[in-house]
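K.L.:
Protein chains in written order, with this note's numbering: chain A, 1 to 72; chain B, 1001 to 1384; chain C, 2001 to 2169.
Encoded as structure tokens, here's the structure I'll be asking about.
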């Protein structure tokens, strides 16, 4: 099972063209920092997503569209 | 008269947002309540851009509320409520000036206002190696109402170093423009939108991670702008967006870099590239300074025209909506965040400039009505 | 990265995976031995030898792990309740830099033993794969409970296991 996991890890990394390290559970302090989250300030990013959605022609990418935008 | 719906900012939160990195399986240990107040103000048009009529564009005040709290042992609750009020004018039609240049005419006298309220409720259920979530939302304004729901799930592999996430959402909207009979607008119509997404996140090493996400959305129904004098769009649209994100922490500097790139394409003919960079600089234990730069580039929809042609048959697609033109936009913002333990305050100022000169795509029909705006926000979070 | 380098990494990872699995600590195993300095420089080192013959609850925690921080005050209450019956709690802090762990303890003083393991040597011995992970060890040195994560309601289950171990089961 662990061999399969290691192979899977390597495959995903190879696909992403990056070399990945096996980061142990106790070594994840920096990754756990709030500024390292994908979305540290969700109200700011949802505000921005929708200003840009209503002023530009593009939307989406990292989550499903919320509903209810009267901005075509 | 109003051109409200498109310009009122829809703020249904991305409570379906993808998880954090190191501890993605844990439900929140505390409740957090957040409030953010924002003011958005577009620059006035110049007389050369709009020879007659209104020059003042939109001003919008936005109130965002959010509650995230643990629910029992394995769940979390997410509630988002937004309220916004808008006043101002927006492009009604375009024409050619005496010099032969395209010019824009903003809708009627000032004093136009609209209000929008939205509520969404969601819940996330945490398992040992992943989680799944559901959310429903409803929003309403004077000329628009929408109901939506979403589901997503994520699973961790490689001791949480890899996360795969999938999601689905659906929205059903009703459009009932104001003063419809008076201005010969569509009285009432509807629109549906279905969207799926798939993403993979990968920890690269102790200080960096990467994520790639793809979303596909299908819209059908009334997709035109009912407040423009001549705006006829296809009754379905397929769009695809591919986002890539990189996060890197710099230990000696005590700062994090966020780099994002998104490619977008739809069958109206619009292609776009969005890149943004943010630098999260910690100053001591309490303060954080976050400058952000964004560069956006889009190519026009197939049926975009910068001068409305009222002689075209109604069966032919046409729109002079500046949002469907070829243009680029540069924006910069600065946030100052103060963390006082159980509460956090965030102050943000942003300046956005759209111009056909910023476009990397070739511009054949520049729009005169491209927008420039300022935005300022103050947010407070309280954890208990 | 060329194919040769990639295959080398694959081989190394596989070897690491195979050898690592030999060290996984499960219920029923004998607990690994360790000797770590205390997070408080003025306090003596903490070793398994000094804890022999007692019921020991070992918890791996860090200041950046939210569920860890929720659990520690609860463990403190439990320690004070059962210490006279022979319970020892050893909360191994894996913060690197160590100051991050000390800063948390300044705000939240704890009464039990707190070793420091910034290089993860003890964490490696115990094959910790998630934060937090805790181990309940009987007086005879056998691991009787391995618990990953910390959610609301867990403290009751842990307390029961501790009572059971103290009662000589």
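Built from N, CA and C at the ideal position, the CB exists for glycine as well.
Would you list, in chain order, the members of the segment 2147–2158 of chain C that have their beta-carbon closer than 9 Å to a beta-carbon of chain B?
P.N.:
Going along the segment 2147–2158 of chain C in chain order, one finds 2148, 2149, 2150, 2151, 2152, 2153, 2154 with a Cβ nearer than 9 Å to chain B.
K.L.:
Give the secondary structure of residue 1324 of chain B by DSSP, where H, G and I count as helix, E and B as strand, and everything else as coil.
P.N.:
For this step, residue 1324 of chain B is matched to residue 324 along the second chain. Three-state result, residue 1324 of chain B: helix.
K.L.:
How about the segment 27–47 of chain A and the segment 2063–2073 of chain C: do they share at least three Cβ pairs that are nearer than 8 Å?
P.N.:
Touching, yes, given that three or more Cβ pairs across the two stretches are closer than 8 Å.
K.L.:
If we count the other Cβ atoms within 10 Å of its Cβ and call it buried at 16 or more, is residue 44 of chain A buried or exposed?
P.N.:
What you label residue 44 of chain A is simply residue 44 of the first chain in a count that begins at 1. Per the 10 Å Cβ criterion, buried.
K.L.:
Taking the alpha-carbon of residue 2085 of chain C as reference, which of C:2139, C:2027, C:2035, C:2028 has the nearest alpha-carbon?
P.N.:
Against the third chain, residue 2085 of chain C aligns to sequence position 85. The shortest Cα separation from residue 2085 of chain C among C:2139, C:2027, C:2035, C:2028 belongs to C:2139.
K.L.:
Based on Cα-Cα distance, which residue from B:1381, B:1383, B:1375, B:1382 lies nearest to residue 1041 of chain B?
P.N.:
Along the second chain, read from residue 1 onward, the residue named residue 1041 of chain B stands at position 41. Answer by Cα proximity: B:1375.
K.L.:
How long is the line joining the alpha carbons of residue 1023 of chain B and residue 1156 of chain B, rounded to whole angstroms?
P.N.:
Here residue 1023 of chain B is taken as the residue at index 23 of the second chain, counted from 1. Here residue 1156 of chain B is taken as the residue at index 156 of the second chain, counted from 1. Its pLDDT being 48, under 50, residue 1023 of chain B is placed unreliably in this model, and the value from its coordinates should be taken loosely. Rounded to the nearest angstrom, the two C-alpha atoms are 10 Å apart.
K.L.:
Excluding the 5 residues flanking residue 2022 of chain C on each side, which residues of the same chain have their C-beta closer than 6 Å to its C-beta?
P.N.:
Indexing the third chain from 1 puts residue 2022 of chain C at position 22. Residue confidence is low: residue 2022 of chain C scores 44 on pLDDT, short of 50, so the model does not pin down where it sits. Its coordinate-derived value is still stated next. Here the set comprises nothing.
K.L.:
May I have the straight-line CA-CA distance separating residue 1151 of chain B from residue 1163 of chain B, to the nearest angstrom?
P.N.:
Residue numbering aside, residue 1151 of chain B sits at position 151 when the second chain is read from its first letter. Residue numbering aside, residue 1163 of chain B sits at position 163 when the second chain is read from its first letter. C-alpha separation (whole angstroms): 17 Å.
K.L.:
Return helix, strand or coil for residue 1015 of chain B, following the three-state DSSP convention.
P.N.:
Locating residue 1015 of chain B in the second chain gives position 15, where the first residue counts as 1. Low local confidence applies: a pLDDT of 33 at residue 1015 of chain B is under 50, so the model's placement there is unreliable, with the coordinate-based value given in what follows. Residue 1015 of chain B: coil per DSSP, three-state reduction.
K.L.:
What residues of chain C sit near residue 1073 of chain B, judged by a beta carbon separation below 7 Å?
P.N.:
Within the second chain, residue 1073 of chain B is the residue found at index 73, counting from 1. Going along chain C in sequence order, the residues near residue 1073 of chain B (Cβ under 7 Å) are 2151, 2152, 2153.
K.L.:
When Cβ atoms are compared, which residues of the segment 2066–2086 of chain C fall closer than 7 Å to chain B?
P.N.:
The segment 2066–2086 of chain C vs chain B, Cβ under 7 Å: 2066, 2067, 2070.
K.L.:
Under a three-way DSSP split, which group does residue 1075 of chain B fall into?
P.N.:
Counting from one through the second chain, the residue named residue 1075 of chain B turns up at place 75. Residue 1075 of chain B falls in the strand class under three-state DSSP.
K.L.:
Hey, residue 1168 of chain B and residue 1196 of chain B: beta-carbon distance below 7 Å or not?
P.N.:
Position 168 of the second chain, counted from the first residue, corresponds to residue 1168 of chain B. Position 196 of the second chain, counted from the first residue, corresponds to residue 1196 of chain B. Result yes, Cβ atoms of residue 1168 of chain B and residue 1196 of chain B sit closer than 7 Å.
K.L.:
I'd like to know whether the C-beta of residue 1105 of chain B is nearer than 7 Å to at least one C-beta of chain E.
P.N.:
In the structure shown, chain E cannot be found, because the protein chains are A, B and C.
K.L.:
Can you tell me the Cα-Cα spacing of residue 1202 of chain B and residue 13 of chain A, whole angstroms?
P.N.:
Residue numbering aside, residue 1202 of chain B sits at position 202 when the second chain is read from its first letter. Residue numbering aside, residue 13 of chain A sits at position 13 when the first chain is read from its first letter. Taking the straight line joining both Cα atoms gives about 8 Å.
K.L.:
Per DSSP, which residues does residue 1174 of chain B bridge with? Please list them.
P.N.:
Locating residue 1174 of chain B in the second chain gives position 174, where the first residue counts as 1. According to DSSP, which records beta bridges pairwise, residue 1174 of chain B is partnered with B:1145, B:1190.
K.L.:
Run through DSSP, which three-state label would residue 1111 of chain B get?
P.N.:
To locate residue 1111 of chain B, count along the second chain from 1; it is residue 111. Caution applies to residue 1111 of chain B, whose pLDDT of 47 falls short of 50 and renders its modelled position unreliable; the model cannot decide the point.
K.L.:
Scan the segment 34–47 of chain A for residues whose Cβ lies nearer than 9 Å to a Cβ of chain B and list them as they occur along the chain.
P.N.:
So the list reads 34, 35, 36, 37, 38, 39, 40, 41, 42, 43, 44, 45, 46, 47, given in the order they occur along the chain.
K.L.:
For residue 39 of chain A, which residues in the same chain have their Cβ closer than 6 Å to its Cβ, ignoring the five residues on either side in sequence?
P.N.:
By 1-based counting over the first chain, the position of residue 39 of chain A is 39. Result list for residue 39 of chain A: 45, in chain order.
K.L.:
Cα separation between residue 72 of chain A and residue 2072 of chain C?
P.N.:
As a working note, residue 72 of chain A is residue 72 in the first chain. As a working note, residue 2072 of chain C is residue 72 in the third chain. Residue confidence is low: residue 72 of chain A scores 41 on pLDDT, short of 50, so the model does not pin down where it sits. Its coordinate-derived value is still stated next. So the two alpha carbons sit approximately 51 Å from each other.
K.L.:
May I ask you to verify whether the segment 2081–2095 of chain C touches the segment 2116–2130 of chain C, counting CB pairs closer than 8 Å and requiring at least 3?
P.N.:
With the cut-off at 8 Å, the segment 2081–2095 of chain C and the segment 2116–2130 of chain C touch.
K.L.:
Is residue 2129 of chain C close to chain B, meaning its C-beta is less than 7 Å from at least one C-beta of that chain?
P.N.:
By one-based count along the third chain, residue 2129 of chain C stands at place 129. Interface residue, yes.
K.L.:
Mapping DSSP to helix, strand and coil, what is residue 2152 of chain C?
P.N.:
Here the question's residue 2152 of chain C lines up with position 152 in the third chain. Coil.
K.L.:
Which first and last residues belong to the alpha helix (DSSP H) in which residue 2101 of chain C is found?
P.N.:
Sequence index remark: in the third chain, residue 2101 of chain C carries index 101 (1-based). Its alpha helix (DSSP H) spans residues 2098–2107.
K.L.:
If you draw a straight line from the alpha carbon of residue 1331 of chain B to that of residue 1293 of chain B, how long is it in whole angstroms?
P.N.:
By 1-based counting over the second chain, the position of residue 1331 of chain B is 331. By 1-based counting over the second chain, the position of residue 1293 of chain B is 293. Going from the Cα of residue 1331 of chain B to the Cα of residue 1293 of chain B covers about 6 Å.
K.L.:
Check each residue of the segment 1175–1205 of chain B: if its Cβ is closer than 8 Å to any Cβ of chain A, include it; give the result in chain order.
P.N.:
Against chain A - using a Cβ distance shorter than 8 Å - the residues of the segment 1175–1205 of chain B are 1175, 1191, 1193, 1195, 1196, 1197, 1199, 1200, 1201, 1202, 1203, 1204, 1205.
K.L.:
So residue 1304 of chain B packs on residue 1365 of chain B, CB below 8 Å; how close in whole Å?
P.N.:
On the second chain, position 304 is the one that residue 1304 of chain B refers to. On the second chain, position 365 is the one that residue 1365 of chain B refers to. Right, the Cβ-Cβ distance comes to about 6 Å (below 8 Å), so this counts as a contact.
K.L.:
Is there a Cβ from chain C that is less than 7 Å from the Cβ of residue 73 of chain A?
P.N.:
No answer is possible for residue 73 of chain A: the residues shown for chain A start at 1 and end at 72.
K.L.:
If you compare alpha carbons, which of B:1217, B:1186, B:1247, B:1341 is closest to residue 1204 of chain B?
P.N.:
By one-based count along the second chain, residue 1204 of chain B stands at place 204. Comparing Cα-Cα distances from residue 1204 of chain B to each of B:1217, B:1186, B:1247, B:1341, the minimum goes to B:1247.
K.L.:
Verify the CB distance criterion: does residue 1117 of chain B have a CB-CB separation below 7 Å to chain A?
P.N.:
Indexing the second chain from 1 puts residue 1117 of chain B at position 117. Residue 1117 of chain B does not count as touching chain A.
K.L.:
When you compare only the Cα positions, how much space is there between residue 2134 of chain C and residue 2145 of chain C?
P.N.:
Residue mapping note: residue 2134 of chain C aligns to position 134 of the third chain, counting from 1. Residue mapping note: residue 2145 of chain C aligns to position 145 of the third chain, counting from 1. Taking the straight line joining both Cα atoms gives about 8 Å.
K.L.:
Note down, in chain order, every chain A residue with its Cβ under 8 Å from the Cβ of residue 1066 of chain B.
P.N.:
Taking the first residue of the second chain as position 1, residue 1066 of chain B is located at position 66. Those within 8 Å of residue 1066 of chain B in chain A are 42, 43.
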